[in-house]
Structures are given as structure tokens and as C-alpha cells.
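Participant:
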DNA sequence: GTGAAAGCGCTAACAC
DNA sequence: GTGTTAGCGCTTTCAC
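Chains as they are written, first to last, in my numbering: chain A, 46 to 382; chain B, 46 to 382.
Right, dumping it as C-alpha cells:
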């Protein structure tokens, strides 16, 4: 066992520096001026004692926790993880610490526990990743004692939100596919928020605008392997020549499933995804997709939250990011049928 | 603006329930018995006021924060994200909240700031992801006022650690490749911790044991695109028939680079990775790799930390997980040269 | 079982 | 500028 050295407190520092406790507090918070002489002594004492202020005591006394809570259903999937990274980075730059509260699904009891966990740290603000039903449900049951920002998902009334304009990008993608001679474009979704996500809306709009048939939506899970299963089925269907997937992982799984079923991408079937996962451009064939800047989404979420925390009026209720279509090898002109 | 309802405090609850503040505290912590009648009244008051205890006040009064800090260089890359998910899950089950403190690199000032951030919340324990130089440097400059556990990486003296036995798995992989007729196996590393990682050690050991030549190590970054760049170079080198990569992302990038350079995997060159990334089995060809259970690593880290926090003696200094080699399509018998 | 009193480590308000 | 005094919302003695 290494020896455990007890943490020094502010009064240890004050005593050692020969000043009062509030004076130490003043040099720590550097808002009220302190004479250069004392400042130096205090700084030296802090150094010598390896003093670190207790966040708990500060929070209690100042009623400001310098904490932000993230509520999310998952922390390790690409879009989520990148968003969280963006949040943490922006929060750290603004001198806030982040806690994560995981809400596994939209079961009321699970949601309640996650909300309790998120609020137990007295965060000054909360960011909810409304990418899926779990986040969506959480947003609807959040207390109003603290500013909240929603990230992505369906439009939520009364809550500031940062959105990615998925719909326009999906339209552009589908329109492009139709122009390549595809009769229609099939669509595979990941579990949707209450309502319909922008990808699906944009997909349908583009088909209708072009007078193309609107096929039944195929539902996948978040697991890339479910894309593979769908691919094996679709491989047998000669009607299918182009597929838009709800995310890249599903699209990558789909491509594998199509190969399993003896079809070639893009010669037989074109495939497009959504997200621009770091591996998508490396796939053979590289995947046509929509680049979403998740870390920017997180950063904008923090900026919006900080604004809501300081301003009386909520300056800017809705922010929208424009994603970009990346045409790559997985999509091509339709083969003659 | 929605109306902001002020958070109820414990004395609000006490007053409403007609009991003293400590009594409310007792029902909250359910350690000292409280009469059924009062218990009910208190619970009702809590419900009615939507009361949530202040973690800061609890921490201050009890000197127990119920917080664990994770220090990591990155939160969104696969192995890291999965480990963090495993930690969060296990911590939540033990009723601990997790904060993440990001240390971008091993610059002393950066490390110092991350350590300060990690300790500012008075965590009861700290978990360091020593996957890379940044985590490694952090581990070496951590105060000893609180139990610490290191996850993966090089063996750190005096600190409980959970390791994955990469070395044995790498040996098995390389041995298998040699048995398939490859003259030797090249090796691409990701940025290593101080010293050498187990993958490299195992790779070298297997080559030496078989009397095979030990090629120069090729260094990549964490970016999968760097694997692609390496692949384009190696494609031109007829000596190269088998490559072991430090992780799957690099292996996937490498395969793409080899394809760019006109080589086929596995017919011309066998490729193996490390991690079993969720997309590796979907690749064409599917990637031979070593399955590492990162979320289990995180869970074991929490278990070890909780043990170190409660026990006087550090029960079990070192825990080792056995990863499993997954033979798949990207490796094959060496072609005749 | 239960309440009164003290105090955790800090910041805020006030006097000087 | 600086020290003194309160008090943040809880838990922890300690009587009863």
C-alpha cells in the first residue's frame, strides 16, 4: 500500500500562507484583487500542499456546480461517441465538467432513474441526445429547474435544439440516385424517434416529387449485423437496385449481405449510408454517404446551453447544421434490367 | 421561457412531512431504521416536492462523493468508447457516478490539468486508460490520496491493473500465419506506451521462436487513413505476404491501401488486426483479428477499484483477461512466390 | 426511534 | 484589500 496523504483544505492553505480563508478563495477565483505579496504566499502554499479545491464545497457555497449533464442512450456507437467528445471538448474549454447519465431505453422507470442520476450532481445545464426513442422519452420527462438543450432528433417544442438537416441531404441523395436511372430507392431505417426522422422524410419527398414508387420501409436495429441480414434478403429481390440506409454501419452490413447473396455493389445494386463513419471511405467499394459533423453538433449544443444558462431570453431556439453528401464508389448508374 | 421551479431541499421535505431533517436523511440512506409511519410521510413529501438530494451537500457532509473519475486520451475511438461504456455500466450498478477527464497527450501541462480536473470532483477512485502515452504519463503523475486502477497498457508498478494478455494472442496469430507458409510477418503499430506493447512483444517472440526474420516495425497513427497510406507502400513490396496490425482500424485501412495498390487480400497478402471491431467481421474479406472484450475490461476495472477502495490490503494487484483469436477470411495460405 | 447541535470546505455579504 | 461572520444542504455525533 502506498501511503495515503490527506487532501489539504483551504484553511490549511490559509494558515500556511498566514492569511484568512476568504483571501485564499479570492486568489483562487481571481475576481477580487489581492495584494501581490499575499497572492504569492498563497500560491506558494497551494503548491507546497498540493492543494485542490473541493468541487462539492464550492458547489454548495456558490450554488454553481460548473457541471453539465449529458443524457444519452449509448456512449460507444460512432455518432454518439463523437457527439459526446464534442460536448466534452467545448465544456472543458468553458471550464465545465461533464457527467454522463445513460438511459438504456424508453421504459419510464429507466428514464426516471437516468433523470435522477443526471440531476443529482446539480448540473447547471443538461444536454439530451435525442437520437432515438430513449433520448426522446427522457426529454419529455425532464424537470424544468435547469436549462436543457436537445441534440438532433425530432423537433421538440419549447426546448432549444440543435438539428442536423438530414431531410435536405436525404433528398439530394435520392434525387441523385434517380437521376442515375434507378426506378426507385429502397430505404432501411434504424429505430426511429417518436414520429419520423429527417432521413425518411427527405427520402419520401424526393421519391414523390419524381413520381417514383415509394417502397415499404425496411426496419433494422442499431446492430450492423442486422444490415447484413437485410442484405441477404434483398439480394434475392431483382426489383431492388438502390438502397438508402439510416446509417453507415447498416449500409456496410448491407453491402456484406448483398455480397453474401451474390450481388455486386455498385454494379448490381447501389448503396448509400448516413453519417460518414471513419471507415466508410475505406470500404471496398467506398460508401456514398452524408457527412454529419457530430463533434460540431456537440460543440454547438454546449454553446446553445451556455447561452440559455446566462441569457434571460433564450437567444436562438433552433440551430441547424447542414450536412454534406459524399458521392463515392458504392453508388452508380443503374444497370439495364 | 418555461417557469423555473426551485429545487426542494431536505428541510422542505422535513417540514412537509412534519419530521426533523435527520429523519429524512435516515429514510434516504435506509441504514438506520425509521418508523413505518414516518417513513411513509417522508416518502410522500419527497414525491410531492419532486425532491432530489444534492450530491454536493452529501459529499461535503459524508466525505464520500460516490464518484469515480476516468482519465482517458480519447472517448470516441472504439476500444476506448467500449471500455468507458463498461465502466459506466458497472459503476452505475454500484451506485457510482462517473466523470470523464480527457488528457489529449503526454505534455506535462496537459497532464497536470487533466489530473486537476479529475480530482476536483473528489472522486473516491480513479481509473486510468493506459492504452497510450497520454494515459501512461497521467498514471505516473497521479496523487496517491485516492485508489487508482490502470487499464491495459504496460505493467505499472504499485498500481492495481487489469491487463489483456495481448502477447499470447499475438504469438498465436503469428504462429498460425507462419504455419500457413508465410516466410515472416510484418507488423504495423499504433502509438505505443512507454516501452513496448504486448502485441509487439508476442509478434517478435513468435518470429524468433520459429527462426523467422524480424522485419522493421512500421509505425502508424491512430487514424485508419494512415493504414491506407502504409498499404499503398507495402503493395509495392513483394517481400510482404502477411501483416499483423496494431488494431483493426489500421488493418481495414491497410487492406484498402493494398487494394489501391493492386494487391488482393488474402490471395496476395494476408492481413490480421487486433480488437475485433464490430465492422471487422463484415468487411470483404472479413478480418482475422483478436477479440478483446473492452467492456469487460471496464467492468473488471471498476470491480478492482471498488475492492481497492474498501479493502486495506489490495486484494489482487493484477488481473488478466484472455483475448481470443478469430480466424477469418483475410488470412490464407501463402501464395507460391 | 428521534431530534438538537455541530460541522464538512468553501463563497458571499459585510464591515473596516 | 482584508478579515469576520454566516450559511450553502446535507450527515454525523450524541442525548434522550
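C-beta: ideal position from N, C-alpha, C; glycine also. Source: prediction; values computed, not measured.
Please list, in chain order, the chain A residues whose beta carbon lies closer than 7 Å to that of residue 130 of chain B.
Facilitator: Residue mapping note: residue 130 of chain B aligns to position 85 of the second chain, counting from 1. Simply 120 and 121.
Participant: With a CB to CB cut of under 7 Å and the five nearest residues on each side skipped, what residues in its chain are close to residue 127 of chain A?
Facilitator: By one-based count along the first chain, residue 127 of chain A stands at place 82. Closer than 7 Å at Cβ, skipping near neighbours: 339 and 340.
Participant: Can you give me the C-alpha to C-alpha distance between residue 371 of chain A and residue 292 of chain A, rounded to a whole angstrom?
Facilitator: In the first chain, the residue the question calls residue 371 of chain A occupies position 326. In the first chain, the residue the question calls residue 292 of chain A occupies position 247. Separation of residue 371 of chain A and residue 292 of chain A (C-alpha to C-alpha, rounded to the nearest whole angstrom) is 13 Å.
Participant: With 9 Å as the limit, tell me which residues of the region 303 to 322 of chain B have their beta carbon closer than that to any beta carbon of chain A; keep them in chain order.
Facilitator: 304 and 322
Participant: Would you call the region 330 to 338 of chain B in contact with the region 174 to 187 of chain B, where contact means no fewer than 3 C-beta pairs closer than 8 Å?
Facilitator: no
Participant: Would a check of beta-carbon distances place residue 97 of chain B closer than 7 Å to chain A?
Facilitator: By 1-based counting over the second chain, the position of residue 97 of chain B is 52. Output row for residue 97 of chain B: interface = yes.
Participant: I'd like the ranges of any alpha helix (DSSP H) spanning at least 4 consecutive residues and lying wholly in the region 336 to 365 of chain A.
Facilitator: 339 to 355
Participant: Expressed to the nearest angstrom, what Euclidean distance is found between the alpha-carbon atoms of residue 169 of chain B and residue 111 of chain B?
Facilitator: Here residue 169 of chain B refers to the residue found at position 124 when the second chain is read from its first residue. Here residue 111 of chain B refers to the residue found at position 66 when the second chain is read from its first residue. Between residue 169 of chain B and residue 111 of chain B, the C-alpha separation is close to 7 Å.
Participant: The alpha helix (DSSP H) spanning residue 127 of chain A covers which residue range?
Facilitator: What you label residue 127 of chain A is simply residue 82 of the first chain in a count that begins at 1. Per DSSP, residue 127 of chain A belongs to the alpha helix (DSSP H) from 123 to 138.
Participant: Going by DSSP, name the residue or residues bridged to residue 325 of chain A.
Facilitator: Taking the first chain and counting its residues from 1, the one referred to as residue 325 of chain A is at position 280. Paired residue(s): none; residue 325 of chain A is not in a bridge.
Participant: Can you tell me whether DSSP reads residue 120 of chain A as helix, strand or coil?
Facilitator: Here the question's residue 120 of chain A lines up with position 75 in the first chain. The answer is coil: DSSP assigns residue 120 of chain A none of H, G, I, E or B.
Participant: Could you tell me whether the Cβ of residue 147 of chain A comes closer than 7 Å to any Cβ of chain B?
Facilitator: Residue numbering aside, residue 147 of chain A sits at position 102 when the first chain is read from its first letter. Chain B, which has a Cβ nearer than 7 Å to the Cβ of residue 147 of chain A, makes this yes.
Participant: Please state if the CB of residue 55 of chain A and the CB of residue 64 of chain A are separated by a distance shorter than 7 Å.
Facilitator: Along the first chain, read from residue 1 onward, the residue named residue 64 of chain A stands at position 19. Along the first chain, read from residue 1 onward, the residue named residue 55 of chain A stands at position 10. Going by C-beta atoms, residue 64 of chain A is not nearer than 7 Å to residue 55 of chain A.
Participant: Which of helix, strand or coil does DSSP assign to residue 241 of chain A?
Facilitator: Indexing the first chain from 1 puts residue 241 of chain A at position 196. Three-state DSSP puts residue 241 of chain A in coil, outside helix and strand.
Participant: Are the C-beta atoms of residue 301 of chain A and some chain B residue less than 7 Å apart?
Facilitator: Along the first chain, read from residue 1 onward, the residue named residue 301 of chain A stands at position 256. Yes - at least one Cβ of chain B is within 7 Å of the one on residue 301 of chain A.
Participant: How big is the Cα-Cα spacing for residue 185 of chain A and residue 265 of chain B?
Facilitator: Translated into positions along the first chain, residue 185 of chain A becomes position 140. Translated into positions along the second chain, residue 265 of chain B becomes position 220. Rounded to the nearest angstrom, the two C-alpha atoms are 45 Å apart.
Participant: On the three-pair Cβ rule with 8 Å, is the region 201 to 209 of chain A touching the region 275 to 294 of chain A?
Facilitator: no
Participant: With 16 as the cutoff for other CB atoms within 10 Å, does residue 150 of chain A come out buried or exposed?
Facilitator: Your numbering for residue 150 of chain A matches position 105 in the first chain. Burial call: exposed.
Participant: Which bits of chain B does residue 269 of chain A rub up against, with CB to CB less than 8 Å?
Facilitator: Here residue 269 of chain A corresponds to residue number 224 of the first chain, with the count starting at 1. In chain order: 323, 324 and 327.
Participant: May I ask which residues mark the beginning and end of the beta strand (DSSP E) holding residue 206 of chain B?
Facilitator: Taking the first residue of the second chain as position 1, residue 206 of chain B is located at position 161. Note, residue 206 of chain B: beta strand (DSSP E), 206 to 209.
Participant: Please give me, in chain order, every unbroken run of the alpha helix (DSSP H) with length at least 4 that falls completely inside the region 226 to 271 of chain A.
Facilitator: The qualifying runs are 243 to 254.
Participant: Step through the CB atoms of chain A and report whether any lies within less than 7 Å of the CB of residue 187 of chain B.
Facilitator: Within the second chain, numbered from 1, the residue matching residue 187 of chain B stands at position 142. It does not; no Cβ of chain A falls within 7 Å.
Participant: Leaving out the 5 sequence neighbours to the left and right, which residues in its chain are closer than 8 Å to residue 348 of chain B when beta-carbon positions are compared?
Facilitator: Translated into positions along the second chain, residue 348 of chain B becomes position 303. Closer than 8 Å at the Cβ level, and outside the excluded window around residue 348 of chain B, lie 135.
Participant: Could you check how far apart the C-beta atoms of residue 290 of chain A and residue 317 of chain A are, in whole angstroms? I think they sit under 8 Å.
Facilitator: In the first chain, counting from the first residue as 1, residue 290 of chain A sits at position 245. In the first chain, counting from the first residue as 1, residue 317 of chain A sits at position 272. The pair is a contact, with the Cβ atoms about 7 Å apart (cut-off 8 Å).
Participant: Could you tell me which chain B residues have their CB closer than 7 Å to the CB of residue 133 of chain A, listed as they occur along the chain?
Facilitator: The residue labelled residue 133 of chain A in the question sits at position 88 within the first chain. Those within 7 Å of residue 133 of chain A in chain B are 120, 145 and 147.
Participant: Does the CB of residue 253 of chain A have a neighbour CB from chain B at under 7 Å?
Facilitator: Looking up residue 253 of chain A in the first chain gives position 208. Contacts with chain B at 7 Å (Cβ-Cβ) do not include residue 253 of chain A.
Participant: Please confirm whether residue 330 of chain A and residue 310 of chain A have their CB atoms less than 7 Å apart.
Facilitator: Within the first chain, residue 330 of chain A is the residue found at index 285, counting from 1. Within the first chain, residue 310 of chain A is the residue found at index 265, counting from 1. Yes, the pair counts as a contact, with Cβ atoms nearer than the cut-off.
Participant: Alpha carbon to alpha carbon, how far is residue 315 of chain A from residue 375 of chain A?
Facilitator: In the first chain, residue 315 of chain A corresponds to position 270, counting from 1. In the first chain, residue 375 of chain A corresponds to position 330, counting from 1. When rounded, the distance between both Cα atoms is 6 Å.
Participant: Report the rounded CA-to-CA distance for residue 249 of chain B versus residue 75 of chain A, giving the unit in angstroms.
Facilitator: Taking the first residue of the second chain as position 1, residue 249 of chain B is located at position 204. Taking the first residue of the first chain as position 1, residue 75 of chain A is located at position 30. Per the coordinates, the alpha-carbon of residue 249 of chain B lies some 55 Å from the alpha-carbon of residue 75 of chain A.
Participant: Put residue 77 of chain B into one of helix, strand or coil per three-state DSSP.
Facilitator: Stepping through the second chain from its first residue, residue 77 of chain B is reached at position 32. Residue state, collapsed to three classes: coil.
Participant: Once DSSP output is grouped into helix, strand and coil, what is the label at residue 286 of chain B?
Facilitator: For this step, residue 286 of chain B is matched to residue 241 along the second chain. Coil.
Participant: Note down, in chain order, every chain B residue with its Cβ under 7 Å from the Cβ of residue 75 of chain A.
Facilitator: Locating residue 75 of chain A in the first chain gives position 30, counting from the first residue. Neighbours of residue 75 of chain A on chain B: none; closest Cβ ~16 Å, over 7 Å.
Participant: May I ask you to report which of helix, strand or coil DSSP gives residue 165 of chain B?
Facilitator: Locating residue 165 of chain B in the second chain gives position 120, where the first residue counts as 1. Helix.
Participant: Smallest Cα separation from residue 294 of chain A: which of A/122, A/223, A/101 and A/167?
Facilitator: Here residue 294 of chain A is taken as the residue at index 249 of the first chain, counted from 1. Looking at the Cα atoms, A/122 is the closest of the given residues.
Participant: With DSSP as the reference, label residue 56 of chain B as helix, strand or coil.
Facilitator: Stepping through the second chain from its first residue, residue 56 of chain B is reached at position 11. If DSSP states are grouped into helix, strand and coil, residue 56 of chain B belongs with the helices.
Participant: Given that residue 102 of chain A touches chain B, what residues does it touch there, using C-beta distances under 7 Å?
Facilitator: The residue you call residue 102 of chain A lines up with position 57 of the first chain. Under the 7 Å cutoff, chain B gives 105.
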